[in-house]
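Visitor: After the structure tokens below, expect a handful of questions from me.
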Amino acid sequence: MNIEKYYRIEVKENEQLIVIRVLGAWSLDAVIQYNQDLLATIKKLNHQNGFSILYDTTQGSILSEEVSAKIMEVVPELERLGLKKTALVIISAIIRMQATRLIKESALSEKTQYFASEEEALGWLAP
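Counting in my numbering, the sequence shown runs from 242 upward without gaps.
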């Protein structure tokens, strides 16, 4: 599977921040691979003090219910591994509504903020 058409996972220099660039519409197979790749990336980090995630959804699409549910399955493991904060860069009102609903259904609502730009998100995530 060519994951480059679905997402890119980047680790920022201090290794306490993971940037995920969401690209296009995701298939169920893409989400399964994404969950595996994300957890593998986190487990390689030096994250004893926790880590944060920035999701850039500016090139993403609405997700099906099945895909959304599969994405959220990884949340308990992210929290167990030390997730501190999650910033979502969202410019689409529809994607923001979907993200808000998913976040409210998880334990992430108090640790998550929405932003119109990556610069704003990085400012909030800064230690």
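For glycine and all other residues, C-beta sits at the position ideal for the given N, C-alpha and C. Bear in mind that the values here come from a model prediction, so they are computed numbers and not experimental data.
1. Could you have a look at LYS253 and say whether DSSP puts it in helix, strand or coil?
2. Name the one or two DSSP bridge partners that ARG262 has.
3. For LEU366, is the classification buried or exposed, using 16 other Cβ atoms within 10 angstroms of its Cβ as the cut-off for buried?
4. Return the residue from the list HIS288, GLN289, ASN287, VAL260 that minimises the CA-CA distance to TYR275.
5. So is SER293 buried or exposed if we call it buried at 16+ other beta carbons inside 10 Å?
6. Can you have a look at LEU295 and say buried or exposed, based on whether 16 or more other CB atoms are within 10 angstroms of its CB?
7. Note down, one range per segment and in chain order, each alpha helix (DSSP H) of at least 4 residues found wholly within the stretch 270-316.
8. By Cβ distance below 8 Å, which residues in the same chain neighbour ALA357 in space, the five residues on each side in sequence not counted?
9. Would you tell me roughly how many angstroms separate the C-alpha atoms of VAL252 and GLU318, rounded to the nearest one?
10. So ALA367 is in the alpha helix (DSSP H); what residue range does that whole segment cover?
Guide: According to the structure data:
1. Position 12 of the sequence shown holds residue 253. Coil, per DSSP.
2. Counting from one through the sequence shown, the residue named residue 262 turns up at place 21. ARG249, ASP297, per the DSSP bridge assignment.
3. Taking the sequence shown and counting its residues from 1, the one referred to as residue 366 is at position 125. LEU366 counts as buried, since no fewer than 16 other beta carbons sit within 10 angstroms of its beta carbon.
4. The residue you call residue 275 lines up with position 34 of the sequence shown. Its Cα nearest to that of TYR275, the residue VAL260 stands out among HIS288, GLN289, ASN287, VAL260.
5. As a working mapping, residue 293 is identified with position 52 in the sequence shown. SER293 comes out buried.
6. Taking the sequence shown and counting its residues from 1, one reaches residue 295 at position 54. The C-beta of LEU295 has 16 or more other C-beta atoms within 10 Å across all chains shown, which makes the residue buried.
7. Taking 4 residues as the shortest admissible run, the stretch 270-316 contains the following complete alpha helix (DSSP H) segments, listed from N- to C-terminal end: 306-313.
8. Stepping through the sequence shown from its first residue, residue 357 is reached at position 116. Excluding sequence positions up to five before and after ALA357, its CB lies within less than 8 Å of the CB of VAL330, ILE331, ILE332, all in the same chain and listed in chain order.
9. The count along the sequence shown starts at 1 and reaches residue 252 at position 11. The count along the sequence shown starts at 1 and reaches residue 318 at position 77. Going by C-alpha positions, VAL252 is about 18 Å away from GLU318.
10. The count along the sequence shown starts at 1 and reaches residue 367 at position 126. No alpha helix (DSSP H) holds ALA367; DSSP gives it neither H nor E.
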